[in-house]
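**Q** Sharing a structure with you now.
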Amino acid sequence: MIQTEALDRLPVRDAVPELLTALDERGTAVLFAPPGTGKTTLVPLALAGLVGAGPRRRVLVAEPRRMAVRAAARRMAWLLGQETGEAVGYTVRGERRVGPSTRVEVVTTGVLLQRLQRDPELPGVDVVLLDECHERHLDADTAMAFLVDVRATLRPELKVIAASATGDADAWAELLTVLEGSGPAPVVRGAGEGHGSRFFHAPPPGGVRPAHGTWVDPALLRHVAATVRTALDRHEGDVLCFLPGTGEIARTAGLLDGVAAEVLQLHGRAPAAVQDAVLRGGPGRRRVVLATSVAESSLTVPGVRVVVDSGLAREPRMDHARGLGSLATVPVSAAGATQRLGRAGREAFGTVYRCWAAADDVRRPRFPSPEIRIADLAAFALRVACWGDPSASGLALLDAPPAGAMAAARSVLASIGAVDADGRATERGARMSRLGLHPRLARALIDGAPEVGVRRAAETVALLSEEPPREYGDDLAAAWRTARRGGDAYGARWRAEARRLEGALSSAGGGARGGGSRAARSADGGGADRPGAGSGRGGGLGSGVPEGAGTAVSSTAGVSGSGRGGGDDAVAGLITALAFPERVAAARGEDAFLMVSGTGARVGAASGLRGAPWLAVAVADRPASAASARVRLAAVIDEDTARTAAAHLLDSGEEVRWEGGDVVAREVRRLGAVELSARKLGNPDRALIREALVEGLRTVGPGLLHWTREAAGLRERLAFLHRVLGAPWPDVSDAALLERADEWLEPELSRARRRADLARIPAGQALGRLLPWASGEATRLDELAPERIAVPSGSRIRVEYGGEQPVLAVKLQEVFGLGETPTVAGVPVVVHLLSPAGRPAAVTADLASFWREGYRAVRAELRGRYPRHPWPEDPSGAEATRYTKARQDRARGQGDGARGGGRPAGDGGR
């Protein structure tokens with residue numbers, strides 16, 4: 003019996019006539035309705051003619067998550083007074099409940115993609131409703147682009163609806179008709195907000211640290227748990243609490259021990275029976291449902307009157323350079339917070355506690371990050387290649403895929419033989435797409451099955467397609483054995499997926515079809531359910547291979563030690579290595595490894611993988627602050643398996659480099675960044691030696707050469723002239739000298755073979771080659787920047803050019819009578835006037851001023867300490883001398899010839 007009363011209470015019913023009219027007139031529309039108004043349940047029934055007076059149609063409803071698919075189908079069947087599989091059915095990966103009378107079928111967006119790529123015309127389907135478009139999952143964006151293409155090129159009569167609660171309706175309206183050029187699609191807005199709700203901000207106490215990576219401050223979880231307790235005390239009904247991931251759910255559940263309610267955990271990886279029990283509800287004890295973002299939309303959790311929102315969500319992040327994916331904890335978007343708000347008012351007026359300050363509202367992003375901008379794009383790139391548009395430039399997408407991410411994805415696909423040099427799908431790539439797997443896993447299944455058998459390959463790939471629970475451990479072979487034994491929900495899903503893959507491998511053996519339009523050129527198969535939808539957006543699969551890793555590996559025949567007779571460890575290792583060849587890792591200590599991609603990795607302190615010589619890493623992430631990736635799941639392999647799986651990275655050759663402070667020359671065999679073997683080279687190529695020596699100069703600096711005092715002084719003089727006069731005087735900084743090494747260090751550099759040879763190169767002689775000889779300016783070096791300056795005493799004093807200004811350090815008595823400060827290249831020198839003992843007495847850049855104003859004080863201080871030296875009252879007219887007064891008198895008597903013959907006297911000499 004149709005639940006007429008329940009249908010009449012759904013606010014979206016008032017928008018149904020307008021929606022039907024829009025479809026009749028334009029064939030497409032955007033349905034924009036607040037959460038809880040019935041767009042997921044009433045609208046498909048009305049479109050199919052199961053309620054109301056509309057025409058009978060077959061409607062396909064696409065949801066982003068398996069849990070939402072089952073819940074929506076069950077709810078619609080209940081509204082009709084039926085069981086699922088009758089007028090309303092559903093299909094998710096590995097489970098299908100559809101009968102001959104089914105008019106509305108609910109599917110995941112992954113299943114929809116697979117059908118589109120198998121047959122783009124979707125025969126028998128009249129209307130496709132893409133629900134929750136605002137979440138911007140990559141599968142949903144891709145499905146929308148393909149549907150727009152199909153309407154424009156193959157089936158203009160196919161009706162398409164984009165349904166959203168919080169997204170940008172106008173943007174979707176433009177997108178739906180962008181290939182038709184008929185103007186924006188109609189936007190139908192549903193009124194009402196369910197039963198309504200109110201919200202309060204309940205910010206945590208001060209000192210809570212921001213989340214980063216997958217780490218969440220325990221203080222915030224304690225606050226969330228306390229808020230749940232408050233909600234139970236103050237309000238009637240069940241409490242739905244949103245948390246970012248399964249780890250936070252488990253920890254918060256522990257903090258709620260002893261509450262007067264049943265604490266349930268709802269996420270995508272929860273057993274189907276638990277999910278169904280939560281969504282089915284029923285009378286009895288009060289409940290606290292701790293949920294990830296899977297409960298944000300398309301779901302009604304019966305009995306909920308209060309929502310506690312932690313304010314956090316999880317989004318995938320992809321390090322394309324290292325081929326590692328991870329999850330990031332981020333503030334929930336304003337759209338996501340609105341969706342969570344709507345969960346409280348589905349059945350009655352509700353209350354929401356937001357665990358953040360009101361001031362934080364303005365800092366939240368409006369919408370979630372589009373997955374196409376932040377996720378691994380390998381599966382997307384293969385889908386669009388099979389669709390006939392490898393660059394995706396002709397597809398209707400709200401956001402274009404980032405160029406770097408697409409390049410990394412195409413590199414992955416090329417390395418496994420899925421696309422050709424132009425990015426178009428090969429027959430092998432089309433076969434991969436039909437398996438409903440990530441391309442990496444499809445490659446592992448196709449290439450691994452002949453070696454280990456179809457069943458064992460399928461079982462291992464099934465483990466990789468949905469990461470086992472953490473309690474299974476990080477050893478993939480051990481997890482495989484646990485899954486075989488276990489009677490838990492994961493084990494049941496794993497067995498079902500393994501059976502599916504066995505069948506899919508046989509049915510996907512055909513080649514790709516060709517010809518026709520972009521849509522008609524689509525190959526069979528494609529998408530699958532979104533992995534990892536339970537604990538945040540994104541799965542554990544990474545992408546990206548090192549530059550140049552584009553050689554296709556289409557077979558693993560001859561794998562040593564990993565054939566059909568191998569044990570679990572060998573099989574798990576081979577399949578994992580085939581899926582992630584750039585993550586093959588060699589031991590660098592008991593718990594440290596180096597991947598062939600060049601990324602370091604570590605296993606946990608209690609891991610059974612410690613001490614393994616080689617690993618094939620299936621799941622790893624690298625926190626932003628960590629030097630190495632953390633291994634979450636891996637299999638032990640041997641070197642032969644590593645070489646086979648990552649054969650495109652195998653290389654050998656001469657390596658001459660600067661290492662450990664000298665030139666090292668070896669013949670090296672490498673697997674990517676991992677050195678397999680090395681032997682010393684007796685007669686390495688001289689050009690390679692020269693490059694290594696230049697590398698050493700860049701690393702250590704020109705100080706490797708032989709620098710005398712005169713050479714260092716010449717460099718300082720040249721640096722001074724370059725700073726003061728510029729060209730043609732050369733820049734002699736470290737960087738400039740290294741850049742021009744060819745000019746000033748030849749031919750000595752070409753003859754050198756090791757560090758000791760560099761240390762024998764006379765730097766001063768080599769530096770002279772940089773002087774501006776061609777212009778003739780080199781001859782003016784001593785004029786512009788003399789090494790020494792003559793002073794009135796007859797001495798020639800060295801000028802120091804190492805500072806900002808040249809410095810002349812001279813004994814005060816030797817410059818008596820010098821009225822003007824000396825200059826070099828037009829720059830006054832700074833005169834350091836020294837005592838007879840050679841200690842600084844005064845510093846001046848204006849000698850005339852010093853004689854007038856500063857000398858008297860210096861004379862008064864020093865003449866008592868140095869009485870044997872002249873201290874005239876008027877130094878400007880006094881005779882300059884290097885000697886004491888007595889020696890000066892004797893010198894006068896002996897004539898001018900004796901002035902330079904004796905050793906100056908004084909307290910300490912010069």
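Each residue of the sequence shown is one higher than the one before, starting from 3 at the first, in our numbering.
Backbone N, C-alpha and C fix where the C-beta goes; we use that ideal spot for every residue, glycine too.
Fair warning: this is a prediction, and the values are worked out from it, not measured in the lab.
(1) Measuring only the C-alpha atoms, how far is Gly-517 from Leu-690?
(2) Along the chain, which unbroken stretches of the beta strand (DSSP E) at least 3 residues long are found entirely within the region 314 to 360?
(3) With the cut-off set at 8 Å, would you say Thr-168 and Gln-341 are in Cβ contact?
(4) Is there at least one non-hydrogen atom of the ligand SAH closer than 7 Å to the beta-carbon of Gly-606?
(5) Identify whether Gln-815 lies in helix, strand or coil by the three-state DSSP scheme.
(6) Are Gln-119 and Cys-388 close, meaning C-beta to C-beta below 8 Å?
(7) Mind checking whether Ala-780 and Leu-773 have CB atoms under 8 Å apart?
(8) Grab the span of the alpha helix (DSSP H) containing Met-434 for me, first residue to last.
(9) Does Asp-653 come out as helix, strand or coil in the three-state DSSP assignment?
(10) Answer yes or no: do Leu-160 and Leu-124 have a C-beta to C-beta separation smaller than 8 Å?
(11) Evaluate contact between the region 290 to 300 and the region 260 to 269, counting only Cβ atoms and requiring at least three cross-stretch pairs below 8 Å.
(12) By how many angstroms is the C-alpha of Val-94 removed from the C-alpha of Arg-105?
(13) Between which two residues does the beta strand (DSSP E) holding Arg-77 run?
(14) Between which two residues does the alpha helix (DSSP H) harbouring Val-45 extend?
(15) In its own chain, which residues sit with a C-beta less than 6 Å from the C-beta of Arg-865, not counting the 5 before and 5 after it?
(16) From Val-230, Val-702, Arg-433, pick the residue whose C-alpha is nearest to that of Glu-661; which is it?
(17) Since Met-320 and Gly-313 are thought to touch, with beta carbons under 8 Å apart, how far apart are those beta carbons, to the nearest angstrom?
(18) Take Leu-507 as the anchor and find which of Phe-382, Glu-461, Val-676, Arg-345 has the nearest alpha-carbon.
(19) Leu-580: which of Val-414, Leu-720, Leu-596 sits nearest, CA to CA?
(20) Verify whether the separation of the beta carbon atoms of Asp-736 and Ser-609 is less than 8 Å.
(21) Tell me the DSSP bridge mates of Gln-84?
(22) Specify the secondary structure class of Pro-372 as computed by DSSP and reduced to three states.
(23) Within its chain, find whatever has a CB closer than 6 Å to the CB of Glu-750; leave out the 5 residues flanking it on each side and keep chain order.
(24) Following the continuous alpha helix (DSSP H) through Arg-700, name the residue where it begins and the one where it ends.
(25) Just confirm the distance between the C-beta atoms of Gly-821 and Ala-850, as a whole number of angstroms; I'd bet it's less than 8 Å.
(26) Mapping DSSP to helix, strand and coil, what is Phe-582?
(27) Quick one, are the C-beta atoms of Glu-65 and Val-108 less than 8 Å apart?
(28) Once you ignore the five residues that flank Gly-819 on each side, which residues in its own chain have a CB closer than 8 Å to its CB?
(29) If distances are taken between C-alpha atoms only, which option among Ala-228, Val-801, Glu-677 comes closest to Gly-260?
(30) I need the straight-line Cα distance from Glu-88 to Pro-304, nearest angstrom please.
(31) Would you mind working out which of Asp-362, Ala-252, Asp-143 sits nearest Pro-220, comparing C-alpha positions?
(32) Who are the Cβ neighbours of Gly-663 in its own chain at under 7 Å, not counting the five residues just before and after it?
(33) For the alpha helix (DSSP H) that Ile-763 lies in, which residues bound it at each end?
(34) Only counting the same chain, and skipping five residues up and downstream in sequence, which positions put a Cβ closer than 6 Å to that of Glu-802?
(35) Whole-angstrom Cβ separation of Ala-315 and Gly-215, contact assumed at under 8 Å?
(36) Could you check how far apart the C-beta atoms of Leu-720 and Pro-732 are, in whole angstroms? I think they sit under 8 Å.
**A** According to the structure shown:
(1) Here Gly-517 scores only 33 on pLDDT, less than 50, and its place in the model should not be relied on; the value that follows carries that caveat. When only Cα atoms are considered, Gly-517 and Leu-690 end up about 52 Å apart.
(2) Correct list: 314 to 321, 326 to 333, 352 to 356.
(3) Between Thr-168 and Gln-341, the C-beta spacing is below 8 Å.
(4) The model depicted lacks the ligand SAH and carries no ligand whatsoever.
(5) Note: Gln-815 maps to helix in three-state DSSP.
(6) Cβ atoms of Gln-119 and Cys-388: closer than 8 Å.
(7) Cβ atoms of Ala-780 and Leu-773: closer than 8 Å.
(8) Per DSSP, the continuous alpha helix (DSSP H) segment holding Met-434 begins and ends at 429 to 435.
(9) Asp-653 falls in the strand class under three-state DSSP.
(10) In this structure, Leu-160 places its C-beta atom within 8 Å of the C-beta atom of Leu-124.
(11) With contact defined as three or more Cβ pairs closer than 8 Å, the region 290 to 300 and the region 260 to 269 are in contact.
(12) In a straight line, the C-alpha of Arg-105 is about 17 Å away from that of Val-94.
(13) For Arg-77, no beta strand (DSSP E) segment is defined; the enclosing uninterrupted segment is the alpha helix (DSSP H) at 68 to 81.
(14) Per DSSP, Val-45 is one residue of the alpha helix (DSSP H) stretching across 44 to 49.
(15) Here the set comprises Trp-873.
(16) Of the listed residues, the one whose Cα sits closest to Glu-661 is Val-702.
(17) Not quite, the Cβ-Cβ distance comes to about 24 Å (not below 8 Å), so this is no contact.
(18) It is Glu-461.
(19) By alpha-carbon distance to Leu-580, the top candidate from Val-414, Leu-720, Leu-596 is Val-414.
(20) Result no, Cβ atoms of Asp-736 and Ser-609 do not sit closer than 8 Å.
(21) Residue pairing by DSSP places Gln-84 in no beta bridge whatsoever.
(22) In this structure, Pro-372 counts as coil in the three-state DSSP scheme.
(23) Setting aside the 5 residues that flank it on each side, Glu-750 is surrounded in the same chain by Ile-763, each with a C-beta closer than 6 Å to its C-beta; the list follows chain order.
(24) Taken as a continuous stretch (DSSP letters only), the alpha helix (DSSP H) holding Arg-700 covers 688 to 702.
(25) The pair is a contact, with the Cβ atoms about 5 Å apart (cut-off 8 Å).
(26) Residue state, collapsed to three classes: coil.
(27) With respect to Val-108, Glu-65 sits close: the two C-beta atoms are nearer than 8 Å.
(28) Taken in chain order, the residues that qualify are Pro-794, Pro-877, Ser-878, Gly-879, Ala-880, Glu-881, Ala-882.
(29) It is Ala-228 whose Cα lies nearest to the Cα of Gly-260.
(30) Between the alpha carbons of Glu-88 and Pro-304 lies a distance of about 23 Å.
(31) Comparing Cα-Cα distances from Pro-220 to each of Asp-362, Ala-252, Asp-143, the minimum goes to Ala-252.
(32) Contacts found: Arg-757.
(33) Per DSSP, Ile-763 belongs to no alpha helix (DSSP H) and is neither H nor E.
(34) When the five nearest sequence neighbours on each side are left out, the beta carbons in the same chain lying within less than 6 Å of the beta carbon of Glu-802 are those of Val-809, in order along the chain.
(35) With a Cβ gap of about 14 Å, Ala-315 and Gly-215 do not count as contacting.
(36) Contact flag correct, Cβ pair sits at about 6 Å.
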